[in-house]
Every structure is written in structure tokens, then in C-alpha cells.
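Inspection log for the structure reproduced underneath, given as C-alpha cells.
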Amino acid sequence: MRAAVRTRIVATYLAVAALWGSTWMAIRIGLEDLPPLRFAGVRMAIAALVLAPFALRGGAWREVVGPARAQLALVAVLQIALPYGLMFVAQQWVPSGLAAVLFASFPVWIALLARALVPGETLTPARVASALLGIAGVAVLQLPHLGDLEGSGRLLLGGALVVLSSMIVALANVLVRRHLAAVSPLAMTAGQTAVGAVLLLAAAALLEQGRPAAFTASAVAALAWLAVFGTALTYVGLYWLVPRVPMAAIGALPLLDTSVAVTLGALVLHEPVGWNLALGGGMVLAAAALTIPRRR
Numbered sequence: 001m002r003a004a005v006r007t008r009i010v011a012t013y014l015a016v017a018a019l020w021g022s023t024w025m026a027i028r029i030g031l032e033d034l035p036p037l038r039f040a041g042v043r044m045a046i047a048a049l050v051l052a053p054f055a056l057r058g059g060a061w062r063e064v065v066g067p068a069r070a071q072l073a074l075v076a077v078l079q080i081a082l083p084y085g086l087m088f089v090a091q092q093w094v095p096s097g098l099a100a101v102l103f104a105s106f107p108v109w110i111a112l113l114a115r116a117l118v119p120g121e122t123l124t125p126a127r128v129a130s131a132l133l134g135i136a137g138v139a140v141l142q143l144p145h146l147g148d149l150e151g152s153g154r155l156l157l158g159g160a161l162v163v164l165s166s167m168i169v170a171l172a173n174v175l176v177r178r179h180l181a182a183v184s185p186l187a188m189t190a191g192q193t194a195v196g197a198v199l200l201l202a203a204a205a206l207l208e209q210g211r212p213a214a215f216t217a218s219a220v221a222a223l224a225w226l227a228v229f230g231t232a233l234t235y236v237g238l239y240w241l242v243p244r245v246p247m248a249a250i251g252a253l254p255l256l257d258t259s260v261a262v263t264l265g266a267l268v269l270h271e272p273v274g275w276n277l278a279l280g281g282g283m284v285l286a287a288a289a290l291t292i293p294r295r296r
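Printed below as a string of C-alpha cells:
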């Protein structure tokens, strides 16, 4: 792999992780004023509107023909509508730190699914070690939060929803690698956010009747950040990465973004952080480093 290409891959990878790491905080802020499904749906609608002119003007959408359109719609359900609906609902009851820990099971699911569904993907000892080390690091990062929790019904349900969303997103990424790798990242993101927005807003209309939505300054700021930086830019980056790096590297993204989320929580929200940040953060970064493609 040429040095310039490798540098671009690493830069894009780190940018996607950093931006996604900021979304946990933004979701918590927005949920104070907005019902979850409507919040998620408006986020995706704004992202789709931002991306649509570029996808249409550049002709990227014309690349999606025949079976690819049905496959893109399916991946939109699995990548956007279902997991984001589940995660936003779950974060009403589950603290953001615990939600991040549970979602960090993503690399385990993606490694297992890629091994089963993607030709040439192998479950090497290094990838298994990376997944286990990363999950252990995230657990160390969030250990103080885990000790404060009581096993209520809603908490258990919320935790189950987060884990389920992690499995669904893992399947979506594997399907993208297998069936849609040739589709433009711009067309992929614009199409999926549009389909996801329609489905999430339809679900909100059915399930959130009578629930008020207060579009306060903080809610609008959270929406704008999530839509542009936490969705449009990150998914374009993600789909550019998918054909270029092992699925295990994609699987490590939640591990990195969780460490970013913890750091932002400490710096911006003044959440207490102790010894676990240095130890757990180091473990997470080491796990992510194991998945980055080596120079050939």
C-alpha cells in the first residue's frame, strides 16, 4: 500500500472515530428536549438534505441501479432505521457510558459475521485479540459507571436494545462490504439517510403521538452537529473506508469513539474521570492499532 493512500486511510479512520465519539454527548443533550424517534428521524432528514444536492449533481445516484437499489434500501433499514431507533430509545434509560460499553461489542459481531459472509475475511488470532482487548479497555473506562447501576426493568431492556442495535449495524457493514462496495460513498450515505429518515419519522408519528418536542437552542445545536458531522460526513468516510480496510478495523471504530466520548464528557460536561481513563484508553487505542492495515 502506498504511503499517501495509507495516510489518507488512517486520517479518515481517525476522523470518523472522533466525530462519532462526539455523538454520544450530543444525543444525551438532545434527548432532554426531543422524543427519541423524532429526534433520530429529523437528524437523518437533515443529513439527507445536506447530501442530496451533491449526490444528484455529481451523478453519484446514477451508479445505484438494478439490484443495488434494493440492497441499499435493505442496508438503510439495518444501518440507519432500526439501530438508531433502538439506540435513541435505549438512551432514555441507559446512561451514555453504559450504552457505549454495550455497543462496543460491535467488533465481535462484525468479526464473526465477516468470517461467515465475506470471502477472504479470516478470524485471525490478532483480530480476536483486538476485539477482546478493546472491549476490556472500554469496560475499564466505564467501570465507575457500571458500579452505580441497579438492575431495573427499563435499564435491562435498554441494554438489550443497545446490544441488538450493535448486532444489526455489524450485519449492515458486512452486507455493504459484500454487495455495495462499488457504490459511491456519497450515494450510499444520501440514499440510506433518506430512507432511514422516512422510516424513523413514520415510526415517530405512530408511536410518539402526544409527546412534546421542544426545539430549544441546545436541541437544535445537537441536531445540527449530529446531522452534519455525526452522520453526513462520518458515513461518507465510513463507506469510503469499508472496501479499503479489513472488517475488523471497521469493527474497532466503536472502541475508539467510546474513548473520545469519555474524554469529551470529562472536558465539556465535567464528568469525573479517574485512573480508568489512562488505562482503559490505552487498551482501546492498542486494540484499534492492531486492526489498522500494515504497509505491504
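Everything in the sequence shown is counted per full-length UniProt numbering, starting at 1 for the first residue and increasing by one.
Every residue gets a Cβ at the ideal spot worked out from N, C-alpha and C, and that includes glycine.
Legend entry - Beta-carbon proximity list for F88, same chain, < 8 Å, skipping 5 on both sides: Working through the sequence shown from its first residue, we reach residue 88 at position 88. Within the same chain, F88 has close Cβ partners I27, L31, P36, L37, F39 and A40.
Inset, instruction - May I have the straight-line CA-CA distance separating E208 from S130, to the nearest angstrom? - result: Locating residue 208 in the sequence shown gives position 208, counting from the first residue. Locating residue 130 in the sequence shown gives position 130, counting from the first residue. Distance between the alpha carbons of E208 and S130: 40 Å.
Inset, instruction - Figure out for me which residue from G282, A221 and Q192 has the closest Cα to the Cα of A48. - result: Numbered from 1 along the sequence shown, position 48 holds the residue referred to as residue 48. Looking at the Cα atoms, Q192 is the closest of the given residues.
Inset, instruction - Find out if the Cβ-Cβ distance for the pair L175, A17 is shorter than 8 Å. - result: What you label residue 175 is simply residue 175 of the sequence shown in a count that begins at 1. What you label residue 17 is simply residue 17 of the sequence shown in a count that begins at 1. Not a contact, by the Cβ cut-off of 8 Å.
Legend entry - Straight-line Cα distance separating V140 from R296: The residue given as residue 296 occupies position 296 in the sequence shown. The residue given as residue 140 occupies position 140 in the sequence shown. The pLDDT assigned to R296 is 48, lower than 50, so where the model puts this residue is not dependable, and the model offers no usable value.
Legend entry - Three CB pairs or more closer than 8 Å across the segment 150-169 and the segment 76-84: yes
Legend entry - Buried or exposed by the 16-neighbour rule on C-beta atoms within 10 Å, applied to P212: Working through the sequence shown from its first residue, we reach residue 212 at position 212. By the neighbour-count rule (16 or more Cβ atoms within 10 Å), P212 is not buried but exposed.
Inset, instruction - Give every residue of the same chain whose Cβ lies closer than 8 Å to the Cβ of G282, excluding the five residues on either side of it in the sequence, and list them in chain order. - result: Translated into positions along the sequence shown, residue 282 becomes position 282. Hits under 8 Å: G137.
Legend entry - Under 8 Å between C-beta atoms of A68 and V236: The count along the sequence shown starts at 1 and reaches residue 68 at position 68. The count along the sequence shown starts at 1 and reaches residue 236 at position 236. The answer is no: Cβ separation not under 8 Å.
Legend entry - C-beta atoms of L255 and M25 nearer than 8 Å: Along the sequence shown, one-based indexing puts residue 255 at 255. Along the sequence shown, one-based indexing puts residue 25 at 25. Using a Cβ distance threshold of 8 Å, L255 and M25 do not count as a contacting pair.
Legend entry - Residue environment, W275, which counts as buried when at least 16 other CB atoms sit within 10 Å: Counted from its first residue, the sequence shown places residue 275 at position 275. With fewer than 16 Cβ atoms within 10 Å of its Cβ, W275 is classed as exposed.
Legend entry - Where A15 falls: helix, strand or coil (DSSP): On the sequence shown, position 15 is the one that residue 15 refers to. The answer is helix: DSSP assigns A15 an H, G or I state.
Inset, instruction - Would you check if the distance between the CB atom of L158 and the CB atom of W93 is smaller than 8 Å? - result: Taking the sequence shown and counting its residues from 1, one reaches residue 158 at position 158. Taking the sequence shown and counting its residues from 1, one reaches residue 93 at position 93. Here residue 158 is Gly; the residue named in the question, Leu, does not match the sequence. Yes, the Cβ-Cβ distance between G158 and W93 is below 8 Å.
Inset, instruction - Give me the Cβ distance between L233 and L19, rounded to the nearest whole Å; I'm assuming they're in contact under 8 Å. - result: Taking the sequence shown and counting its residues from 1, the one referred to as residue 233 is at position 233. Taking the sequence shown and counting its residues from 1, the one referred to as residue 19 is at position 19. Confirmed, about 6 Å.
Legend entry - Bounding residues of the alpha helix (DSSP H) (the contiguous stretch that carries A40): Your numbering for residue 40 matches position 40 in the sequence shown. A40 -> alpha helix (DSSP H) spans P36 to R57.
Inset, instruction - Please name the residue, chosen from L290, V262 and A15, that lies closest to S96 on a Cα-to-Cα basis. - result: Taking the sequence shown and counting its residues from 1, the one referred to as residue 96 is at position 96. Residue V262 holds the alpha-carbon nearest to the alpha-carbon of S96 among L290, V262 and A15.
Inset, instruction - Please state whether DSSP places T216 in a helix, a strand or coil. - result: The count along the sequence shown starts at 1 and reaches residue 216 at position 216. Of the three classes helix, strand and coil, the one that applies to T216 here is coil, per DSSP.
Legend entry - Outcome for V101 when other beta-carbon atoms lying within 10 angstroms are tallied against a minimum of 16: For this step, residue 101 is matched to residue 101 along the sequence shown. Around the beta carbon of V101, 16 or more other beta carbons lie within 10 angstroms, which makes this residue buried.
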